[in-house]
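Colleague: If you count the sequence shown from 1, you need to add 16 to reach the working numbering.
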Amino acid sequence: MSRPFILLVLVSALIAGVAYGVMGVVLRPDTPPPTQLRGPRTDPLTKHLLFVVVDGLRYDIATNPELMPRFSEAMERNSSAEIWAGRVSMTTSAILSYGTGQRGQLEQVVNNLTPEPPPFNNWLENARSDGLVLMLVGDPAWARMYGPAFSEKRLDPKGVAIDFDFNDQTFRDTRELLAKRPNFLVAHFVTPDHQGHAYGVHSERYLKHVHQFDRRLSDLLGEIAPDWTVVVTSDHGAADSGTHGADVPVQRRSPLYAYGPGITKNVHPKLPLDQVDLPNTLAALLGTTPPKQSRGQVLTDWLDITEAKRAAIACEDAERLFAYGEARLGEAAIQEAKQSLDRCKAQGSYKERELAARKVTAVVDTQIGLRTGLASQNALVLLMLSILASGIVAWFAVGKRLLWSLPPALFLGAVGTWLVFSVERLPGHWPNVCRVALFIACNSLALAALVKPLWLAKRFEQTRWLAPTLLPGLLVASYPANTQPESFVAVAVIGVLFCLLGPIGSSSRRSDGWERLRVNRTALEWPRLIVALLALLVVFPVGVHAESALPSWLFVAERMPLSVAVGLIGCYGLSTRLDPHGKASLKTSTLVFGLLTVAACLVARRYVPYQIGRAALILFPIIAFTTALLGQRRFATLLGLAGFAWVSRDREWFALIPTLILAEAAGDAWRTRQQEARDSEPVGTRHEVRRHTPGYFDIILGVTFVFGLLFVQRVGITGQLDFGGMDLAAGAFDDQHVPLWVVGTALSWKYILAEIIVVTAFLARLDLHSQRRILPALILTYLARVLALLLQLFFCGSSYWTALRVIGDLPFSLTGLGAVALSWWALELWRSRGRGQEHALVPSRA
């Protein structure tokens with residue numbers, strides 16, 4: 017067996033292991049253990065409870081008399097506290113806590129926009145089962161998670177712009193449902209949060225909005241009958257920019273005040289409360305059963321009952337939580353809680369029993385937190401095994417050369433992870449300031465490469481042990497949201513260098529790279545160069561827009577994406593004819609036949625049965641591979657595109673064709689310069705040839721170019737940076753009962769096939785020596801990327817946005833690793849069949 021084949025097997029095993037570990041260990045939904053013990057059910061303290069959630073209201077804003085005079089006065093007049101959202105400070109995390117007493121974790125990366133009913137028992141359905149009437153106004157997430165519990169729902173309008181103020185509707189709906197006097201009404205006002213997102217917390221627009229909202233909320237509460245109990249809070253805070261989701265104080269600190277029947281007056285705890293304590297307390301106010309698996313406790317100090325009753329409720333609730341913890345973790349893990357529970361049952365003072373109950377809650381909650389999600393032992397084992405397996409694959413790919421690159425790589429990984437963790441947690445606008453500063457600093461390399469390529473090549477030659485840490489290291493270790501624009505910069509700068517100059521060559525050359533153009537032509541003919549620059553212009557939106565990466569005009573008409581896709585396929589054919597080698601190696605009739613085949617597949621996939629469609633998306637790539645082995649590489653590329661057509665969406669060609677054109681243009685420019693150097697050998701010297709041979713700096717640039725190109729391509733295929741735009745109908749072909757594994761396999765194959773097409777398009781045009789240097793370096797690059805993302809996930813994953821970006825990028829880093837390994841094996845097999853020197857046939861333009 018060849019070395020590339022063994023490496024492919026090792027890479028496949030690594031990909032399967034990491035994918036299973038992340039999906040099966042870290043992101044696996046938390047399933048509650050069976051427990052029959054119900055919490056304390058007391059006599060109702062109120063018949064009507066209004067629960068008001070002001071979305072995204074920060075504690076410091078709510079308590080500022082100048083900004084929200086009535087809200088801050090209510091915090092002083094009534095029982096109030098600072099209450100903290102969970103570490104994943106998102107709305108659905110808070111709603112999960114309000115209903116179940118559970119904390120939102122990594123599952124919120126998936127569930128925040130499309131929440132589903134939680135697997136845990138919730139007090140809302142308990143109340144409905146007890147005959148209480150519950151109603152809802154506002155955020156649809158409540159309906160998606162606890163829909164059956166509500167007898168009537170008035171939800172927010174759909175599809176409105178984020179800065180649209182629909183408070184009028186929410187206030188009107190709240191008044192109408194209050195008039196029906198349900199036992200429980202939740203009024204969730206989303207607009208304040210949206211205004212913060214749109215304009216920033218300190219903007220004049222937001223401050224004016226919350227000032228008006230303060231007055232309107234106070235007027236609403238003033239209309240409520242005295243037999244209503246009112247609880248007002250916020251689901252989370254916000255950064256100055258309006259964003260939230262991280263586990264930093266400003267994004268977690270929220271206000272809470274309550275008054276009315278069942279609420280003790282003038283309770284102002286010094287320490288912050290926990291959001292998971294609210295469901296138990298709300299259930300106690302209504303006299304219904306709290307959620308069985310709640311990790312919180314009843315806020316007994318807030319209940320207007322006797323001390324004896326408070327102690328009894330606290331201990332009974334602690335017994336419920338202990339039973340849940342024992343079923344979840346085993347008695348040995350919560351032995352300390354068992355001792356506190358025994359003290360709670362003893363005949364001590366009421367205060368001692370309450371303190372013992374709180375100790376039970378603290379111990380069980382802490383132990384559950386240490387054994388779930390990223391804090392679990394299984395997660396740590398996954399990280400360690402991933403590092404070990406990656407080291408084995410890397411050693412097999414490059415051998416002892418790995419050792420000298422380890423220290424700077426480890427240092428870069430640590431610094432990158434620290435920056436991801438720290439920058440997001442800086443106060444005010446400092447996160448954006450730091451990002452801009454880092455963007456400018458990192459792009460100084462791009463500027464140097466563009467202005468003084470030979471000077472930078474010499475610096476890289478002198479510091480070989482450090483050079484990969486800069487390129488592609490800075491790109492590999494970056495936060496995914498920063499990787500996107502930096503990848504486009506890398507593609508643009510390196511693509512321009514290659515297309516104009518070809519490989520920079522040895523740093524011993526006497527003149528700077530750009531002086532070559534004074535005596536030589538550009539590496540590509542001008543028509544081909546213009547096509548490449550147009551391709552770069554096409555992918556510009558993909559390189560800079562994290563959301564809606566594709567232009568809006570692409571979707572103005574139903575058939576527009578298909579028309580654009582067919583047009584881009586034709587442009588690829590034009591680019592092929594502009595290449596002198598393309599003319600020599602592919603007849604016009606064969607090219608036209610191939611282009612028509614791609615277009616026909618693109619149309620046919622709309623109408624064929626799923627059996628034929630799924631067979632075609634496998635069969636065409638196999639035929640393409642066989643054709644490449646027979647020496648028809650360009651026709652094989654067309655057949656590969658035909659295979660992609662069966663698993664693609666029309667809009668995805670907007671990313672695939674331009675990146676393919678850029679890859680082929682860069683590879684052809686590289687090959688052309690090498691051929692010119694060979695042709696000059698009889699006139700010049702062998703030293704002249706060696707000086708034009710791709711050097712260490714060219715290999716670094718080639719690796720960075722491919723990595724950046726594949727990143728830009730995958731963003732374009734997805735349609736956005738995150739995974740929310742993925743094609744969840746891949747491989748379905750209108751099959752209404754398509755298995756999930758079929759969709760997952762087709763989706764993975766879509767990205768791998770697109771990556772293989774682009775990688776081989778670039779590498780197949782290079783000389784054997786360059787291929788054998790770039791391919792191992794690409795394997796190392798993607799291994800480093802996978803490990804960098806895993807480190808960011810494990811050490812910074814408590815932030816919603818970090819977890820979202822990392823989990824959104826990790827699958828594509830794995831597919832990139834697999835695509836490079838497959839390309840290496842395919843190129844080696846192709847070369848062993850005697851087809852590897854096709855690049856030497858290029859006609860010279862000298």
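Backbone N, C-alpha and C define an ideal beta-carbon position, used for all residues, glycine too.
In terms of alpha-carbon separation, which member of 153, 161, 304 and 185 lies closest to residue 11?
Modeller: The displayed coordinates of the chain run from 17 to 862. Any statement about residue 11 would go beyond what the structure contains.
Colleague: Using a threshold of 8 Å, state whether the C-beta atoms of residue 115 and residue 140 are closer than that.
Modeller: Result yes, Cβ atoms of residue 115 and residue 140 sit closer than 8 Å.
Colleague: Can you confirm whether the segment 72-91 touches the segment 226-234 when touching is taken to mean that 3 or more C-beta pairs between the two stretches lie within less than 8 Å?
Modeller: A contact exists between the segment 226-234 and the segment 72-91.
Colleague: On the DSSP bridge list, what partners appear for residue 100?
Modeller: 269 and 290.
Colleague: Is it a yes or a no for the segment 202-216 touching the segment 177-193, going by three-plus beta-carbon pairs under 8 Å?
Modeller: Cβ pair count under 8 Å is three or more, so yes.
Colleague: Can you list, in chain order, the residues of its chain with a C-beta nearer than 6 Å to that of residue 701? Leave out the 5 residues immediately preceding and following it.
Modeller: Residue confidence is low: residue 701 scores 47 on pLDDT, short of 50, so the model does not pin down where it sits. Its coordinate-derived value is still stated next. Excluding positions up to five away in sequence, the list is empty.
Colleague: Can residue 254 and residue 102 be called in contact, C-beta distance under 8 Å?
Modeller: Not a contact, by the Cβ cut-off of 8 Å.
Colleague: Between the beta-carbon of residue 310 and the beta-carbon of residue 33, is there less than 8 Å?
Modeller: No; because the gap between Cβ atoms is not below 8 Å, this pair is not in contact.
Colleague: DSSP beta-bridge partners for residue 151?
Modeller: Its beta-bridge partners are 168 and 201.
Colleague: Within this structure, are the beta carbons of residue 654 and residue 725 separated by less than 8 Å?
Modeller: Not in contact: residue 654 and residue 725 (Cβ atoms no closer than 8 Å).
Colleague: Quick test of your reading: residue 667 and residue 557, contact by CB under 8 Å. State the CB separation rounded to the nearest angstrom.
Modeller: Between residue 557 and residue 667 the Cβ distance is about 12 Å, and since that is not below 8 Å, they are no contact.
Colleague: If we ignore side chains and look at the alpha-carbon of each, how far apart do residue 26 and residue 516 end up?
Modeller: Near 38 Å, if we compare the C-alpha coordinates of residue 516 and residue 26.
Colleague: What is the rounded straight-line gap between the Cα of residue 394 and the Cα of residue 796?
Modeller: About 26 Å.
Colleague: Report the rounded CA-to-CA distance for residue 238 versus residue 85, giving the unit in angstroms.
Modeller: In a straight line, the C-alpha of residue 238 is about 15 Å away from that of residue 85.
Colleague: How big is the Cα-Cα spacing for residue 625 and residue 744?
Modeller: Each residue's Cα considered, the two are about 18 Å apart.
Colleague: Got a sec? Which residues, its chain only, sit under 8 Å from residue 455 by beta carbon, not counting five neighbours each side?
Modeller: Cβ within range, chain order: 498, 501 and 502.
Colleague: Just to confirm my understanding: we take residue 283, look at its own chain, exclude 5 residues before and 5 after, and list those with CB closer than 6 Å. What are they?
Modeller: Counting only Cβ-Cβ distances below 6 Å, and skipping sequence neighbours, we find 95, 317 and 318.
Colleague: Does the distance from the C-beta atom of residue 166 to that of residue 150 stay below 8 Å?
Modeller: Closer than 8 Å, so yes.
Colleague: If I measure Cβ to Cβ from residue 97 and keep anything under 6 Å in the same chain, skipping five residues before and after, which residues do I get?
Modeller: Cβ within range, chain order: 272, 285 and 289.
Colleague: Is the beta carbon of residue 17 within less than 7 Å of some heavy atom of the ligand SAM?
Modeller: Questions concerning the ligand SAM fall outside what the structure shown contains, since it holds no ligand whatsoever.
Colleague: Report the rounded CA-to-CA distance for residue 476 versus residue 482, giving the unit in angstroms.
Modeller: Near 8 Å, if we compare the C-alpha coordinates of residue 482 and residue 476.
Colleague: Excluding the 5 residues flanking residue 197 on each side, which residues of the same chain have their C-beta closer than 8 Å to its C-beta?
Modeller: Excluding sequence neighbours, residue 197 sits near 64.
Colleague: Our contact map puts residue 257 next to residue 216 with C-beta atoms below 8 Å; I'd like the distance itself, whole angstroms only.
Modeller: With a Cβ gap of about 6 Å, residue 257 and residue 216 count as contacting.
Colleague: Can you tell me where the beta strand (DSSP E) holding residue 249 begins and where it ends?
Modeller: That run of the beta strand (DSSP E) goes 244-249.
Colleague: What did DSSP end up calling residue 35 once you bin it into helix, strand or coil?
Modeller: It is helical.
Colleague: I'd like the list of long-range same chain contacts for residue 314, defined as Cβ closer than 6 Å, with 5 residues on each side in sequence excluded.
Modeller: Cβ neighbours of residue 314 beyond the five flanking positions: 296, 297, 300, 329 and 333.
Colleague: Under the three-state reduction of DSSP, which class applies to residue 69: helix, strand or coil?
Modeller: Note: residue 69 maps to strand in three-state DSSP.
Colleague: Output the boundary residues of the alpha helix (DSSP H) element that contains residue 832.
Modeller: Residue 832 -> alpha helix (DSSP H) spans 816-848.
Colleague: Between which residues of its own chain and residue 276 is the CB-CB distance below 7 Å, once the five residues before and five after are set aside?
Modeller: 62, 244, 245 and 246.
Colleague: Helix or strand or just coil, what does DSSP make of residue 623?
Modeller: In the structure shown, residue 623 sits in coil (DSSP, three-state: anything other than H, G, I, E or B).
Colleague: Is residue 462 closer than 8 Å to residue 509 when the C-beta atoms are compared?
Modeller: Closer than 8 Å, so yes.
Colleague: Closer than 6 Å by C-beta to residue 179: which residues in its own chain qualify, once you throw out the five before and the five after it? Chain order, please.
Modeller: Here the set comprises 214.
Colleague: For residue 785, count the other beta carbons within 10 Å of its own beta carbon; 16 or more makes it buried, fewer makes it exposed. Which is it?
Modeller: By the neighbour-count rule (16 or more Cβ atoms within 10 Å), residue 785 is not buried but exposed.
Colleague: Would you mind giving the Cβ-Cβ distance between residue 110 and residue 252, rounded to the nearest angstrom? I have them listed as a contact below 8 Å.
Modeller: Correct: roughly 6 Å between the Cβ atoms.
Colleague: Given residue 689, which residues of its chain have a CB within under 7 Å of its CB, disregarding the five upstream and five downstream residues?
Modeller: Taken in chain order, the residues that qualify are 518, 519, 539 and 708.
Colleague: Could you work out which residue in 847, 827, 846 and 833 is closest to residue 39 when comparing CA atoms only?
Modeller: The option with the nearest alpha carbon to residue 39 is 827.
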